[in-house]
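A.B. asks: For what it's worth, this note's numbering labels the leading residue of the sequence shown as 8, then goes sequentially. Below are the structure tokens for one structure; questions will follow.
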Amino acid sequence: MKKYNIITYGCQMNEHDSENIAGMLDSMNYIYTDNPLEADLVVMNTCSIREHADKRFFGMLGQFKNIKKNNRDFILCICGCMPQQDRIVEEIKNSFSWVDIIFGTHTIGEFPNLLKKRLETGKKQISIVGDSSKICTFENTRRLFKHKALVNITYGCNNFCTYCIVPYTRGREKSRSLDDVVREIKSLSEDGVIEVTLLGQNVNSFKDINGNDFSDLIREVNKIDRIKRIRFMTSHPKDISDNLIECYRDCEKLCKHIHLPVQSGNNEILRRMNRHYDVDRYKEIILKLRKVCPDIAISTDIIVGFPGESDDEFKDTLDLIKEVQFDSAFTFIYSPRPGTPAADFDNQIPDKIKHERFDRLTEIVNESSLRKNKMLENKIVPVLVDGKSKRNNKMWTGRSEDFKLINFFSKRENLTGEIVPVLIDEAKTFSLDGREDIS
Ligand code: 5AD
Ligand code: SF4
């Protein structure tokens, strides 16, 4: 039996695509191995969001040259966002001749055929351009977890934030139909799934052919018996509606957490990012969310060193973070992406200043995360257990409803997939430690 491995970079959309690709390989009688070096076939599912991702990818690609040299039957496949850019496909074709199959984000469904053709003819197979208006769903997904699942609800993005490559790689936004999504989640729930994460680049703009919006979808998923937790990723502040905010009041299964990328705390920068909201509107949304759901956890994304960002404009971002008190934030150094408008803006910020700002930002974000986490000390929180902790195999690990990473001790075994009450002993910046509450 041939073995396969998939290396996944980037976001949860890619993670889910990899689960689908794994399902296809399982159906073709390949066997999964977690070691790419002992695999007969490796799929690299790539990300283009920042330059760092490009560098890691090309570094890894180089390493497969020797494997191919020693094993001529070894098959290397590249997919995801990178091949959606012509310049990258050219570079792979010219400099990395040992790549066997290249497919894109709209041609995932063609992968089994491309693989068959590669095996029959021994020739390189490339298929990037697919029908981007068609929505493909897949059977036989190989889920990473039995108890939780990622579910695509929208594909692509129409927002064209000036720094972002995604609208060019993932194409125009499309929504699945509410009925289709609900059918999939019902079937997942029958298969043991109790937590679903609804996925899209911009889930709040979900609108299906029958006029159902995102809040309608959440309300329908909330009715599915065996589902206990609903999450979603990612929201755009410009599309947060009062209807959605009210779901936090009405839908008991909707987890008390929202990831709401703000990107900057300065109006001029937000305008030049093409974000379509200002700082006051962002703060108004946070106030409304906290009014309806006082202990909602709020996480965000922030970019530092956007072209032309002055020190005062950067300080506005620090002020916003201090004021909002996020539970956590993903912080990014602006990375020019060829083909996006901001890459051609004047006044690109020197690396040294970007790094200095990044360090100042991280310090304040971390202070805020620790302060928020400390509020959970000595409290009992329900944790959906993902498995044994990788850091300490005597501990279990999982997520609280507000998406905090919780590591804990328990006297019991086989807790994966259970919701366990955990007494929090110690809060740290990125996780919390505790023990199962048996009182
Ligand atoms: N440079 C830095 N960060 C970026 N992001 C997207 N594009 C870029 C870029 N060119 C960040 C945004 C987005 C997150 C997924 O990645 O903060 O919300
Ligand atoms: Fe990129 Fe903006 Fe679309 Fe998010 S909303 S994927 S940041 S263009």
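Ideal Cβ placement from N, Cα and C applies to all residues, glycine included. The structure displayed is predicted, hence computed values, not measured ones.
Residues in its own chain within less than 7 Å of residue 375 by CB, not counting five upstream and five downstream?
C.D. replies: The residues are 328, 332 and 333.
A.B. asks: Hey, quick one: how far does the beta strand (DSSP E) through residue 293 stretch, first residue to last?
C.D. replies: No beta strand (DSSP E) contains residue 293, which is instead part of the alpha helix (DSSP H) from 286–299.
A.B. asks: Rounded to the nearest angstrom, what separates residue 123 and residue 19 at their Cα positions?
C.D. replies: C-alpha separation (whole angstroms): 28 Å.
A.B. asks: Just to confirm the assignment, what range does the alpha helix (DSSP H) spanning residue 96 have?
C.D. replies: 93–102 is the extent of the alpha helix (DSSP H) around residue 96.
A.B. asks: Report the rounded CA-to-CA distance for residue 211 versus residue 255, giving the unit in angstroms.
C.D. replies: Going by the C-alpha atoms only, they are around 14 Å apart.
A.B. asks: Rounded C-beta distance between residue 432 and residue 152? I'm assuming under 8 Å.
C.D. replies: That pair is no contact at about 26 Å.
A.B. asks: Should residue 166 be counted as a contact of ligand 3 given a C-beta to heavy atom distance under 7 Å?
C.D. replies: Ligand 3 is absent from the structure shown, which contains only ligand 1 and ligand 2.
A.B. asks: Apart from the five residues on each side of it in sequence, which residues of its chain come closer than 6 Å, Cβ to Cβ, to residue 189?
C.D. replies: 227, listed in sequence order.
A.B. asks: Take residue 106 as the anchor and find which of 112, 118, 72 and 127 has the nearest alpha-carbon.
C.D. replies: The candidate whose alpha carbon is nearest that of residue 106 is 72.
A.B. asks: Return yes when the C-beta of residue 162 is under 7 Å from any heavy atom of ligand 1, and no when it is not.
C.D. replies: False, no ligand heavy atom lies under 7 Å from that Cβ.
A.B. asks: Give a single yes or no on whether residue 486 has its beta carbon closer than 7 Å to a heavy atom of ligand 2.
C.D. replies: Residue 486 lies beyond the stretch modelled for the chain, which goes from 8 to 446, so this question has no answer here.
A.B. asks: Rounded to the nearest angstrom, what separates residue 385 and residue 430 at their Cα positions?
C.D. replies: Near 6 Å, if we compare the C-alpha coordinates of residue 430 and residue 385.
A.B. asks: Under a Cβ-count criterion, where at least 16 other Cβ atoms within 10 Å of its own Cβ denotes burial, should residue 242 be classed as buried or exposed?
C.D. replies: Flag for residue 242 reads buried.
A.B. asks: Checking 8 Å against the spacing of the C-beta atoms, do residue 126 and residue 134 come in under that value?
C.D. replies: No. Outside cutoff.
A.B. asks: Does the distance from the CB of residue 306 to the CB of residue 335 come in under 8 Å?
C.D. replies: In contact: residue 306 and residue 335 (Cβ atoms closer than 8 Å).
A.B. asks: So, are the CB atoms of residue 407 and residue 427 less than 8 Å apart?
C.D. replies: Their beta carbons are not under 8 Å apart, which means residue 407 does not touch residue 427 by this criterion.
A.B. asks: So what does DSSP say about residue 433, is it helix, strand or coil?
C.D. replies: Correct three-state label for residue 433: strand.
A.B. asks: State yes or no: is the C-beta of residue 88 nearer than 7 Å to some heavy atom of ligand 2?
C.D. replies: Answer for residue 88: no, Cβ out of range of ligand 2.
A.B. asks: May I have the straight-line CA-CA distance separating residue 110 from residue 337, to the nearest angstrom?
C.D. replies: So the two alpha carbons sit approximately 29 Å from each other.
A.B. asks: Is the segment 22–40 in contact with the segment 215–229, if contact means three or more CB pairs nearer than 8 Å?
C.D. replies: Cβ pair count under 8 Å is below three, so no.
A.B. asks: Just verifying my parser: in three-state terms, what is the DSSP assignment at residue 389?
C.D. replies: Residue state, collapsed to three classes: strand.
A.B. asks: Quick check: does the Cβ of residue 104 come within less than 7 Å of any heavy atom belonging to ligand 1?
C.D. replies: Flag unset: Cβ of residue 104 not near ligand 1.
A.B. asks: With DSSP as the reference, label residue 70 as helix, strand or coil.
C.D. replies: Helix.
A.B. asks: In angstroms, rounded to a whole number, what distance separates the CA positions of residue 342 and residue 56?
C.D. replies: Roughly 8 Å separates the two Cα atoms.
A.B. asks: Based on DSSP bridge pairs, tell me the residues matched to residue 264.
C.D. replies: DSSP, once it has assigned bridges, lists 304 as partnering residue 264.
A.B. asks: Please list the segments of the alpha helix (DSSP H) lying wholly inside the segment 189–233, counting only runs of 4 or more residues, in order along the chain.
C.D. replies: Listed in chain order, they are 221–229.
A.B. asks: Here's a check: name, in chain order, each residue in its chain whose Cβ is nearer than 6 Å to the Cβ of residue 314, leaving out the five neighbours to either side.
C.D. replies: These residues qualify, in order along the chain: 349, 352, 354 and 355.
A.B. asks: Could you give the distance in angstroms between the alpha-carbon of residue 160 and the alpha-carbon of residue 205?
C.D. replies: Spanning the two alpha carbons is a distance of roughly 6 Å.
A.B. asks: Give the residues whose C-beta lies closer than 6 Å to at least one heavy atom of ligand 1, in chain order.
C.D. replies: That query returns the following residues: 56, 57, 170, 171, 268, 270, 308, 310, 339, 341, 342 and 344.
A.B. asks: For residue 12, list the residues DSSP reports as bridge partners.
C.D. replies: BP columns for residue 12 point to 49.
A.B. asks: How long is the line joining the alpha carbons of residue 278 and residue 84, rounded to whole angstroms?
C.D. replies: Looking at the two C-alpha atoms, the distance is approximately 39 Å.
A.B. asks: Report yes if the C-beta of residue 136 is less than 7 Å from at least one heavy atom of ligand 2; otherwise report no.
C.D. replies: Because no heavy atom of ligand 2 lies under 7 Å away, the Cβ of residue 136 does not count as near it: no.
A.B. asks: When burial is assigned at 16 or more other CB atoms within 10 Å of the CB, is residue 163 buried or exposed?
C.D. replies: By the neighbour-count rule (16 or more Cβ atoms within 10 Å), residue 163 is buried.
A.B. asks: So is residue 249 buried or exposed if we call it buried at 16+ other beta carbons inside 10 Å?
C.D. replies: With fewer than 16 other Cβ atoms within 10 Å, it is exposed.
A.B. asks: Specify the secondary structure class of residue 422 as computed by DSSP and reduced to three states.
C.D. replies: Looking at residue 422 - three-state DSSP - the assignment turns out to be coil, as it is neither helix nor strand.
A.B. asks: Taking 7 Å as the cut-off, is the C-beta of residue 299 nearer than that to any heavy atom in ligand 2?
C.D. replies: No, since every heavy atom of ligand 2 falls outside the 7 Å radius drawn around the Cβ of residue 299.
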